[in-house]
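Chemist: Here it is, the structure, as structure tokens.
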Amino acid sequence: MWKDSMKKALSRNPNMLRTMIGLGLVLILVLSYAVYSNTIDSEYYRYDTSNGGEILVLTQPDENLSAWQVTTNAALTWVNVTVLDAPIGSQLVISSSSSIWYHSPLLGLDGDSAFNCKEYSDVAESCIPAYTHSIDIVSAETVLRGRVSLELPIEGVGFLQADDIVSAEERAEYLISSQTKLTTWEITIIDDDEVISSVGLDLQMTVTSHNLIEVTEFSLDPVTEAFYGVATLIGCFSLLLVLPMIAYFAGVYKSQRDESLRSQTPPPSV
20 MWKDSMKKAL
30 SRNPNMLRTM
40 IGLGLVLILV
50 LSYAVYSNTI
60 DSEYYRYDTS
70 NGGEILVLTQ
80 PDENLSAWQV
90 TTNAALTWVN
100 VTVLDAPIGS
110 QLVISSSSSI
120 WYHSPLLGLD
130 GDSAFNCKEY
140 SDVAESCIPA
150 YTHSIDIVSA
160 ETVLRGRVSL
170 ELPIEGVGFL
180 QADDIVSAEE
190 RAEYLISSQT
200 KLTTWEITII
210 DDDEVISSVG
220 LDLQMTVTSH
230 NLIEVTEFSL
240 DPVTEAFYGV
250 ATLIGCFSLL
260 LVLPMIAYFA
270 GVYKSQRDES
280 LRSQTPPPSV
């Protein structure tokens with residue numbers, strides 16, 4: 020029955036199947052070429068930067084007071100200041116002379132996703148931009164974490180779009196240079212608006228700086244990507260072909276079943 024229905028459908032539309040198969044093959048070839056060409060001639064480039072932490076050497080104008088200074092001239096992302104054994108209830112204050120930086124209590128906290136000041140959080144609206152940030156000391160170890168540049172890749176790997184490798188290198192170098200800031204950091208520990216004694220406490224400041232290492236063209240395996248693209252198109256084409264055929268044969272089957280029931284039902288007697 021199904022073979023007869025197929026033969027009838029093809030006899031009524033002899034070019035339908037050839038047209039659909041031909042169209043599908045053309046679409047497969049076009050998509051394969053598009054995927055292959057876009058994979059080979061990518062306009063995206065990857066740039067790698069240094070991403071190591073550096074412990075800064077702080078100067079202390081008065082050895083008896085909790086006040087330190089240090090000057091940086093680099094493209095910074097992270098600023099971390101750790102204080103040990105400071106009096107509970109005092110306050111750690113960090114100021115930048117010429118660069119706005121960002122702070123949030125969520126920075127550095129463990130969670131499902133690391134908060135880095137660039138994404139909105141339900142817990143805190145955003146990082147606060149300012150020249151000066153402070154935190155209350157409530158334990159023997161207190162850490163204040165901040166972000167300086169939100170444009171640099173915090174993991175040392177970034178991507179950009181450019182016409183060629185030369186333009187990509189120029190853009191990466193410009194990004195690093197534009198985020199390089201000369202600033203003097205002042206760190207103090209205060210209590211009742213007065214700088215406290217530094218006796219018995221320890222302080223350390225760590226920064227993460229970025230220098231351009233290399234720029235490479237972002238590339239994928241063209242064979243693998245073309246295979247995925249072709250498989251996707253074949254799946255979509257098969258789905259579009261199978262569903263109408265199922266509907267068609269279901270209609271044919273219902274029509275034949277109704278015809279069979281009518282033929283088996285005797286006509287009404289007069």
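In this text, residue positions in the sequence shown follow this note's numbering: the first is 20, and each later residue adds one.
Cβ coordinates follow ideal geometry from the N, Cα and C atoms, glycine included.
1. Which partner residues does alanine 94 have in the DSSP bridge list?
2. Under a Cβ-count criterion, where at least 16 other Cβ atoms within 10 Å of its own Cβ denotes burial, should serine 279 be classed as buried or exposed?
3. Thinking C-beta only, is glutamine 110 closer than 8 Å to isoleucine 156?
4. If distances are taken between C-alpha atoms only, which option among Ala187, Thr203 and Ala94 comes closest to glycine 71?
5. Please work out which residues of its chain come closer than 7 Å, Cβ to Cβ, to valine 142, disregarding the five sequence neighbours upstream and downstream, and give them in chain order.
6. So, are the CB atoms of serine 118 and threonine 202 less than 8 Å apart?
7. Check serine 140 in the structure and name its three-state DSSP category.
8. Indicate the three-state DSSP secondary structure (helix, strand or coil) for tyrosine 272 in the structure shown.
9. When we look at the beta-carbon of tyrosine 121 and count the other beta-carbons within 10 Å, is it buried (16 or more) or exposed?
10. Does the Cβ of serine 85 have 16 or more other Cβ atoms within 10 Å, making it buried, or fewer, making it exposed?
11. Indicate whether valine 214 and threonine 91 have their beta-carbon atoms separated by less than 8 Å.
12. Please classify valine 45 as buried or exposed, where buried requires at least 16 neighbouring CB atoms within 10 angstroms.
13. Which of the three DSSP states is assigned to leucine 222 in this structure?
14. Cβ of isoleucine 173 within 8 Å of Cβ of threonine 96?
15. Quick one: using the 10 Å Cβ neighbour count with 16 as the cut-off for buried, is isoleucine 18 buried or exposed?
Modeler: This is what the structure holds:
1. Working through the sequence shown from its first residue, we reach residue 94 at position 75. Its beta-bridge partners are Thr199.
2. Looking up residue 279 in the sequence shown gives position 260. Exposed.
3. Within the sequence shown, residue 156 is the residue found at index 137, counting from 1. Within the sequence shown, residue 110 is the residue found at index 91, counting from 1. A contact, by the Cβ cut-off of 8 Å.
4. Counting from one through the sequence shown, the residue named residue 71 turns up at place 52. It is Ala94 whose Cα lies nearest to the Cα of glycine 71.
5. Residue mapping note: residue 142 aligns to position 123 of the sequence shown, counting from 1. In this prediction, valine 142 scores a pLDDT of 47, lower than 50, which makes its location untrustworthy; the coordinate-derived value is nonetheless stated afterwards. Excluding residues within five positions, the ones whose Cβ falls inside 7 Å are Leu125.
6. For this step, residue 118 is matched to residue 99 along the sequence shown. For this step, residue 202 is matched to residue 183 along the sequence shown. Against a cut-off of 8 Å, the Cβ pair of threonine 202 and serine 118 comes out as a contact.
7. Here residue 140 refers to the residue found at position 121 when the sequence shown is read from its first residue. Low per-residue confidence applies at serine 140: pLDDT is 46, beneath 50, and the placement is therefore not dependable, though the value from the model is reported in the following sentence. In this structure, serine 140 counts as coil in the three-state DSSP scheme.
8. Counting from one through the sequence shown, the residue named residue 272 turns up at place 253. Tyrosine 272 falls in the helix class under three-state DSSP.
9. Counted from its first residue, the sequence shown places residue 121 at position 102. The residue is buried, with at least 16 neighbouring Cβ atoms inside 10 Å.
10. Reading the sequence shown from its first residue, position 66 is the one you call residue 85. Buried is the call here.
11. As a first step, residue 214 must be located in the sequence shown, where it is residue number 195. As a first step, residue 91 must be located in the sequence shown, where it is residue number 72. Taking 8 Å as the Cβ cut-off, valine 214 and threonine 91 do not qualify as a contacting pair.
12. For the purposes of this step, residue 45 is taken as residue 26 along the sequence shown, with counting starting at 1. With fewer than 16 other Cβ atoms within 10 Å, it is exposed.
13. In the sequence shown, counting from the first residue as 1, residue 222 sits at position 203. Three-state result, leucine 222: strand.
14. Start at 1 with the first residue of the sequence shown, and residue 173 comes out as number 154. Start at 1 with the first residue of the sequence shown, and residue 96 comes out as number 77. Cβ atoms of isoleucine 173 and threonine 96: closer than 8 Å.
15. Residue 18 falls outside the range modelled here, since the chain spans only 20 to 289, and no answer is possible.
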